[in-house]
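All remarks here apply to the structure that follows.
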Amino acid sequence: MSAPKSRHVPSSRHSPSADDSHARAFPVTQQVVYNQQESRAPIYNANISGGFNKFLVSNIDVLQLLYQRAATGAMHDSDERFPPPLCHPETREAVIYRILDWYEYQQGPGKPIMWVYAPAGYGKTAFAGTLAEKLEEKSSKLKFNPVGATFFFWRTSPERNSPARFIITLAYQLSMSIPKLAPHVENAVKQNPMILTKTLKIQLKKLTVDPFRALGDTKGIRNRLVIVDGLDECINSDRESRIEGNYAEDRETVQVRVLNLIRTLVSHQLPLFFLILSRPEVWIKQQLESQQFKDVVEPLDLYEVGDHMNDVETFVRAELSRLGMGEEDVVQRVVREAGGHMLYAATLIRRIEDPYGDPRLRLQNLLGNHSDSSPDLSHSTSFSSLYELYRQILRSCPEGVRSVMIEALEDIDVANNDFAPEVDMDRALSVLDRLSGRVPGAGFRALRGPHAVLNLSFADAWKGKTMPVGSIRTLLPFRQDIFFIHSSFREFLTNARVSLKFHVDWKTGCRRLLLGCLDYMSSIRLESEVDEDHLRYALARWPLLWRRWSYTQPEIADLLGMFQKLLSIDFTACFVHVFTFDRTLLYDAHPSFLLCINGSHKYIFSGKDMDMYESERLAKEGISHVVASHKAAMLHLLQTSHIYANDWSSLFFNAVFHYLLDLSRSGEVVDWESDTVVKGLKTLRVRRKVFEKLMKDVEKTAHVYVDDYPEEGEEMGNYEALCGLVQCVE
1 MSAPKSRHVP
11 SSRHSPSADD
21 SHARAFPVTQ
31 QVVYNQQESR
41 APIYNANISG
51 GFNKFLVSNI
61 DVLQLLYQRA
71 ATGAMHDSDE
81 RFPPPLCHPE
91 TREAVIYRIL
101 DWYEYQQGPG
111 KPIMWVYAPA
121 GYGKTAFAGT
131 LAEKLEEKSS
141 KLKFNPVGAT
151 FFFWRTSPER
161 NSPARFIITL
171 AYQLSMSIPK
181 LAPHVENAVK
191 QNPMILTKTL
201 KIQLKKLTVD
211 PFRALGDTKG
221 IRNRLVIVDG
231 LDECINSDRE
241 SRIEGNYAED
251 RETVQVRVLN
261 LIRTLVSHQL
271 PLFFLILSRP
281 EVWIKQQLES
291 QQFKDVVEPL
301 DLYEVGDHMN
311 DVETFVRAEL
321 SRLGMGEEDV
331 VQRVVREAGG
341 HMLYAATLIR
351 RIEDPYGDPR
361 LRLQNLLGNH
371 SDSSPDLSHS
381 TSFSSLYELY
391 RQILRSCPEG
401 VRSVMIEALE
411 DIDVANNDFA
421 PEVDMDRALS
431 VLDRLSGRVP
441 GAGFRALRGP
451 HAVLNLSFAD
461 AWKGKTMPVG
471 SIRTLLPFRQ
481 DIFFIHSSFR
491 EFLTNARVSL
501 KFHVDWKTGC
511 RRLLLGCLDY
521 MSSIRLESEV
531 DEDHLRYALA
541 RWPLLWRRWS
551 YTQPEIADLL
561 GMFQKLLSID
571 FTACFVHVFT
581 FDRTLLYDAH
591 PSFLLCINGS
601 HKYIFSGKDM
611 DMYESERLAK
621 EGISHVVASH
631 KAAMLHLLQT
641 SHIYANDWSS
651 LFFNAVFHYL
661 LDLSRSGEVV
671 DWESDTVVKG
681 LKTLRVRRKV
691 FEKLMKDVEK
701 TAHVYVDDYP
711 EEGEEMGNYE
721 ALCGLVQCVE
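Next comes the structure, spelled out in structure tokens:
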């Protein structure tokens, strides 16, 4: 074992001298030494029988022993972590000041525990290291080190991925940080060396609680901060090695166990305060929000504090300038791609500064091709670290539910932008569970493992907020990747070369959800109740699911089977329900009307499959059935006397607009006058208020359409003429 760094070496009075035979004889192994009262010679693994009341060890360097039994690599300034990940200068300052405000080393914070949480890749470890350094810089001025102890858990380190060395490591550091505590820790070990092999609960009492109590009044001791980073990386690896593949459940227990140890320390009102950093795993969140913790924990969402876009821009600007690529347009392009995600930006910078290539060309390739999962991106050594992080997270899911996890990931990949932001993952997955034929709740449970890279509680951020009003292009930033923390994870999942056994197949997900929608729709009639979420989703979203699936070039036989299914559905009833959805609908429900108008086959078949449409009767009948039903549903609502303007949903206004727009492009005035929908609209004029409300909302839809597609504005002349015909009083 290498010698400890200078700040960790015990003082000379603890260091064994060259002629201290007793100290040299004491082995730093699992063996335990006992000293008899009548003899100072050590006895190894001897049977213990009468003649003494205590196991007393003397002439050994206890702090050196603690050091050798501690997880030295878990300390923030350890050689194992060198160079430690730190925040880029002038970034994360808002978070640092926020925590310094909480931790007041002279008076102490109102709550002794702060939980800082954020998804994978948001720089929690870099932030923890930076905070520790900033506090240590104050040591000279304060005449003491505010950092009492640190423990950085790490999944792949045998010493740091288990709590076995947690208490010993803290006890050693606290003895260094608070010198008058050291003798009492030494006495505890000398009285019973076996304490180092006892349970964590006993170690906690003997190596921390009792030594502090032995000091008497601790009010004169300045508060020390204990930083515990990466709690979610504590996976209890010893158990993992014994029970292959079963550690996912065990890690929840062991992480909660560490939290309970910290809670016990807090209950003794010691001059210690704890900063815990982790991903927002479900079980960690539940424990810290439980009754026993809520009064002593102050949570802090790292994502909500500070300006992440500005931090990323500061980092990117500095790094690109260092590489001679600091042009403003290049900086802004990288900043947009990173989306406030520092890990992505840092990984990208590491990739382009490869000494064996042109950084500008590498950057161009990465930004230009990453969405297509180019080989350059997929196999780069720098991005492999990001992908390996994702694989580690997914491997934490128990083997028995991995197939369900993959299926659920496929579902949310396909339906990611189908739900309004205020719909949380739990509710969305309950819909997808029904459509995919899973047991209720199975999808959400299966995604506990990759929770750190999924936004399972996205809806919380939208409580009390209102979606901006505007065109679809205005809303796009609020809709993209609602349930994925960062687009890189989505790209990872869909790239089989890097996700390997965790690959999700978009085509499979599309087909499964589409089949589920059509199966449920086959039982819907005009008199049916469609209040359940999965039914409303099926009715509103099936056209887009069909279109997405058709883009994947399905097999002809499979496509014909889907057309057969279309013929079994009462689409008139289905469209009527869609057109009268109440205004509390929580889905972004805008079905593709390209599937519901004349010529829709052009959007279903690619050029090479167009011959099939011309030759397959089933295909023509299926499309004709949908188009006719769409028109019949509009007529039904226009001709139903008990329907009022407020009964119509925005989808009905969209349907009327797109129908009139399509008619204006494909017909002459004589065709307009004979059209049954036009006649239905003109008949509705007798109900003046209802008619005016409808046409006003249709006009609003037309304005949004022109905003989205300004190039279509010049072609709206015929549409306006048709609307004039509809509204003309004879």
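Using full-length UniProt numbering, read the sequence shown as starting at 1 and increasing by one per residue. C-beta atoms are modelled at their ideal positions from N, C-alpha and C, and glycine is treated no differently. All of these numbers come straight from a predicted model, not from anything done at the bench.
Residue i versus residue j: straight-line alpha-carbon distance, rounded
| i | j | result |
| --- | --- | --- |
| M634 | H577 | 11 Å |
| Y719 | T676 | 17 Å |
| L225 | K206 | 20 Å |
| Y97 | Q287 | 26 Å |
| F153 | V116 | 15 Å |
| S664 | L722 | 6 Å |
| F492 | I412 | 14 Å |
| M716 | Q727 | 17 Å |
| M342 | R427 | 30 Å |
| Q332 | Y122 | 20 Å |
| E337 | H308 | 13 Å |
| P280 | E692 | 51 Å |
| L170 | V401 | 37 Å |
| C517 | L429 | 14 Å |
| P85 | A126 | 5 Å |
| S78 | L65 | 17 Å |
Candidates the options, of which the one nearest residue i by Cα
| i | options | result |
| --- | --- | --- |
| T253 | A346, P163 and V504 | P163 |
| V690 | T701, F653 and D707 | F653 |
| F419 | R536, Q727, Q564 and V656 | R536 |
| F151 | H451, L142 and A128 | A128 |
| N187 | K219, I569 and F212 | F212 |
| A94 | N417, T130 and G110 | T130 |
| Y390 | V335, L513 and F484 | F484 |
| A655 | M695, A619 and Q727 | M695 |
| residue 747 | M612, I524 and R395 | In the structure as shown, the chain begins at 1 and stops at 730. Residue 747 is therefore absent and cannot be evaluated. |
| R386 | Y344, A214, R362 and T640 | Before going on, a small fix: residue 386 reads as Leu here, not Arg. Here the closest residue by C-alpha is Y344. |
| T701 | N260, L651 and G339 | L651 |
| L174 | A70, T197, P84 and N161 | A70 |
| Y67 | E159, V316 and R688 | E159 |
| S534 | L515, Y551 and G306 | According to the sequence displayed, residue 534 carries His and not Ser. For H534, the nearest C-alpha among the options comes from L515. |
Per-residue DSSP class, three states only, for residue i
| i | result |
| --- | --- |
| D697 | helix |
| W115 | strand |
| G561 | helix |
| F653 | helix |
| E120 | Note on identity: in this sequence residue 120 is Ala, with Glu being the wrong assignment. Correct three-state label for A120: coil. |
| V678 | helix |
| G717 | helix |
| D229 | strand |
| T640 | coil |
| G340 | coil |
| A428 | helix |
| T150 | strand |
| L300 | strand |
Exposed unless 16 or more other CB atoms sit within 10 angstroms - verdict on residue i
| i | result |
| --- | --- |
| L432 | buried |
| I556 | exposed |
| S615 | exposed |
| R351 | buried |
| Y44 | Because Y44 carries a pLDDT of 30, less than 50, the predicted location of this residue cannot be relied on, and the following value inherits that uncertainty. Answer is exposed; the Cβ neighbour count stays below 16. |
| S140 | exposed |
| S674 | exposed |
| Q291 | exposed |
| M521 | buried |
| S436 | buried |
| D424 | buried |
| E407 | buried |
| G724 | exposed |
Residue i and residue j closer than 8 Å at C-beta
| i | j | result |
| --- | --- | --- |
| E410 | V312 | no |
| I284 | L231 | yes |
| R438 | V404 | yes |
| C510 | R541 | no |
| G622 | L567 | yes |
| L277 | D229 | yes |
| L196 | I168 | yes |
| M114 | I99 | yes |
| A120 | V453 | yes |
Any non-hydrogen atom of the ligand SAH closer than 7 Å to residue i Cβ
| i | result |
| --- | --- |
| F581 | The ligand SAH is not part of this structure, which contains no ligands at all. |
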